[in-house]
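In the working numbering, each residue's number is its place in the sequence shown (first place is 1) plus 38.
Here the structure comes first, spelled out in structure tokens, and everything after it is commentary.
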Amino acid sequence: MPPFRVTDHCDGTRFYNPPAILPQGWTPRRLRALAIWKWQRNRPPSDWPAWIDNPAPTGDPYQPPAPGAVQVTFIGHSTFLLRIARADGSVVTVLTDPIFSQRCSPVQWAGPKRVRAPGRALADLPPIDVILVSHCHYDHMDLPSLRALARRGDDPVVVVPLGNARHLRGTGMRRVVELDWWEGVETAGVRITATPARHATARTPFDRNRSLWAGFMMQVPGAEGRMQRVFFAGDTAHGRHWGMIRERLGAPDVALLPIGAYNPRDLMAGVHVTPEEACAGFVELGARRGIGMHFGTFRLTDEPMDEPAQRLARAVAVAGLPADRFTTLEHGACCDVVCGETAQE
């Protein structure tokens with residue numbers, strides 16, 4: 039692997055979370071393998087069911103979004119199908135962190151297993167123009183799903199953070215673009231900018247932080263010259279990056295933010311937000327509408343399955359926001375989210 043450019047978040051070989059994005063007063067600490075092993079050995083019994091049947095999906099992802107709206111379909115975990123109208127009325131279709139496999143694991147006979155099917159089958163999706171992959175963890179970069187998408191013949195552009203293109207070799211994806219934080223690419227009528235996130239990476243015991251993690255801001259010129267902004271946070275802990283993103287790229291119309299996989303806090307605080315932190319990040323972004331993700335599909339950590347959505351609803355109420363400002367969608371639900379002037383100042 040060639041060396042990377044030295045930056046405030048890369049020493050030339052490995053990536054790290056720079057002090058500028060850490061919360062005030064945070065003391066950096068590394069997750070120790072022994073602590074993770076002890077946690078795995080002593081995890082509390084799961085209250086998650088073995089299987090849940092999804093409700094009948096609502097909405098039609100083949101229909102174009104309404105004028106001035108972004109169409110959002112929640113497939114599960116961090117996988118969304120997004121359809122955004124361009125100024126000429128045509129539509130760009132984006133798929134985020136696609137995972138349709140039964141397990142998020144190096145193998146399909148062990149590791150975290152689904153408790154529900156994808157809300158929409160891969161075969162039921164319209165042609166994909168762009169795929170965003172936020173980082174290389176198995177619940178976000180699922181190579182079997184990417185191979186299946188390549189076999190469909192859509193020929194999408196796949197946008198990944200630095201150091202991740204190597205993982206996609208052999209998937210059949212022909213057009214892969216790597217971005218550093220704040221770098222952007224324009225494709226299919228959408229401007230995509232990689233944004234800071236507070237996380238880590240590895241696919242083996244030997245490649246810790248050898249590739250970057252990121253969120254993505256999508257900007258699409260819409261009707262009457264208005265810029266439509268959709269933010270996909272990827273996987274992240276809380277930090278000062280929310281305000282940086284708003285300052286540099288503007289407040290998003292729609293923010294897709296993680297709300298699950300946060301307990302035990304002594305292990306997860308540096309990589310995953312709580313619902314309350316997600317709500318705080320939503321406010322700092324100044325987003326018009328928030329939609330939660332990264333919950334209710336794979337049991338990755340110790341919180342009860344229904345807790346993230348319940349805590350999010352309470353956090354939204356405590357923040358004094360309307361109940362529908364930051365919510366979750368049913369798996370498979372497809373709806374239009376109206377774009378407009380952001381509701382927060």
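Where is the CB? At the ideal position from N, CA and C, for every residue including glycine.
Model, not experiment: these values are computed from the prediction.
Problem set entry | 6 Å CB neighbourhood of T274 in its chain, flanking five on each side removed | Annotation for T274: A235, R236 and H237 place their beta carbon closer than 6 Å to its own, counting only its chain and skipping 5 residues before and after.
Exercise. Is the beta carbon of A226 less than 8 Å from the beta carbon of V168?
Worked result: It is a contact, given that the beta carbons lie within the stated cut-off.
For this session: Alpha carbon to alpha carbon, how far is Q140 from R152? Give it in angstroms, no decimals.
Result: Cα-Cα distance, rounded: 5 Å.
For this session: Assign T134 to buried or exposed, taking buried as 16 or more other Cβ atoms, counted over all protein chains shown, within 10 Å of its Cβ.
Result: With 16 or more neighbouring CB atoms inside 10 Å of its own CB, T134 falls in the buried class.
For this session: Compare the Cα-Cα distances from I122 to each of V292, R326 and A252 and report the closest residue.
Result: From the listed residues V292, R326 and A252, the smallest Cα separation to I122 is found for V292.
Problem set entry | Closer than 7 Å: R68 CB and nearest the ligand ATP heavy atom | Questions concerning the ligand ATP fall outside what the structure shown contains, since it holds no ligand whatsoever.
Problem set entry | Nearest to V110 (by Cα), restricted to the options T335, R154, I329 and G149 | Ranking the options by Cα distance to V110, first place goes to I329.
Exercise. The beta strand (DSSP E) spanning A107 covers which residue range?
Worked result: Annotation for A107: the continuous beta strand (DSSP E) segment containing it runs A107 to G114.
Exercise. Looking at the unbroken beta strand (DSSP E) that takes in M27, where does it start and where does it end?
Worked result: This structure cannot settle anything about residue 27, because the visible part of the chain is limited to 39 through 383.
Exercise. Are there 16 or more other CB atoms within 10 angstroms of the CB of T51, so buried, or fewer, so exposed?
Worked result: Flag for T51 reads exposed.
Problem set entry | Assumed close pair I166, D192 - CB separation to whole angstroms, cut-off 8 Å | Their Cβ separation, rounded to whole angstroms, is 5 Å, which keeps I166 and D192 in contact under 8 Å.
Exercise. Looking only at its own chain, which residues have a Cβ that is under 7 Å from the Cβ of R81, when we skip the five neighbours before and after it?
Worked result: The residues are D340.
For this session: Determine the direct distance from the alpha carbon of G288 to that of E383, and round the result to whole angstroms.
Result: Residue confidence is low: E383 scores 39 on pLDDT, short of 50, so the model does not pin down where it sits. No coordinate-derived value is stated.
Problem set entry | Residue nearest to F138 in terms of C-alpha spacing, selected from Y54, R189 and P182 | Closest by C-alpha distance to F138, out of Y54, R189 and P182, is P182.
For this session: Select from V129, M211, P95 and L217 the residue whose C-alpha is nearest the C-alpha of L250.
Result: Checked all of V129, M211, P95 and L217; the closest Cα to L250 is L217.
Exercise. When burial is assigned at 16 or more other CB atoms within 10 Å of the CB, is A232 buried or exposed?
Worked result: A buried status is given to A232, since no fewer than 16 other beta-carbon atoms sit within 10 Å of its beta-carbon.
Exercise. Would M255 be called buried (16 or more neighbouring beta carbons within 10 Å of its own) or exposed?
Worked result: Of the residues assessed, M255 falls on the buried side of the cut-off, its CB having 16 or more other CB atoms within 10 angstroms.
Exercise. From R190 to D98, what does the alpha carbon distance come to, in whole angstroms?
Worked result: A direct Cα-Cα distance of roughly 20 Å separates R190 from D98.
Problem set entry | Nearest-angstrom Cα separation, counted from A371 out to D91 | One C-alpha to the other measures close to 14 Å.
Problem set entry | Alpha-carbon to alpha-carbon, T239 and G253 | C-alpha separation (whole angstroms): 14 Å.
Exercise. Going along the chain, which residues of its own chain have a beta-carbon closer than 7 Å to the beta-carbon of N301, five neighbours each way excluded?
Worked result: Excluding sequence neighbours, N301 sits near T339, D340 and E341.
Exercise. What are the start and end residues of each continuous alpha helix (DSSP H) run of 4 or more residues lying completely inside the region 149 to 226, in chain order?
Worked result: 181 to 189, all fully within the region 149 to 226.
Problem set entry | Among F118, V309, M265 and P194, nearest to T209 - alpha-carbon criterion | Answer by Cα proximity: P194.
Exercise. Is the distance from the Cβ of S116 to the Cβ of R337 below 8 Å?
Worked result: Not in contact: S116 and R337 (Cβ atoms no closer than 8 Å).
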